[in-house]
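Straight run, no breaks: the sequence shown in our numbering ends on number 890. Structure, as structure tokens:
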Amino acid sequence: MLLKLLGVSGEEPEQPTTETMHVSDITMRLEIVIHGKNTFTNAVAKVTIFDVDTDGNPVNPVKGATVYGTWSGATSD
């Protein structure tokens, strides 16, 4: 994660810092909804992320983290 602090008005912003995080768990599932003759399938993933200490050990869950990814091959049309 890249964090940039904007600083107080009139001050120079601090340089961006990096923070190391750890993906602890990914739980995946398919949601299937049928409307009439149409079937809609959505892929859903719950990702649990922890920040890490200086030794790389998971410490605290990171709330509100944004995770991007793609799914392929789970369904067909």
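From the three backbone atoms N, C-alpha and C, an ideal C-beta is built for every residue, glycine too.
Rounding to the nearest angstrom, what Cα-Cα distance links residue i and residue j in this structure?
| i | j | result |
| --- | --- | --- |
| methionine 834 | lysine 850 | 44 Å |
| valine 857 | glycine 886 | 14 Å |
| isoleucine 839 | glycine 877 | 15 Å |
| serine 837 | leucine 843 | 21 Å |
| threonine 852 | methionine 841 | 19 Å |
With DSSP run on the structure shown, which of helix, strand or coil describes residue i?
| i | result |
| --- | --- |
| threonine 861 | strand |
| alanine 856 | strand |
| serine 885 | coil |
| aspartate 866 | coil |
| valine 875 | coil |
| threonine 840 | strand |
Relative to the alpha-carbon of residue i, which residue among the options has its alpha-carbon at the smallest distance?
| i | options | result |
| --- | --- | --- |
| aspartate 864 | Asn873, Val857 and Ala858 | Asn873 |
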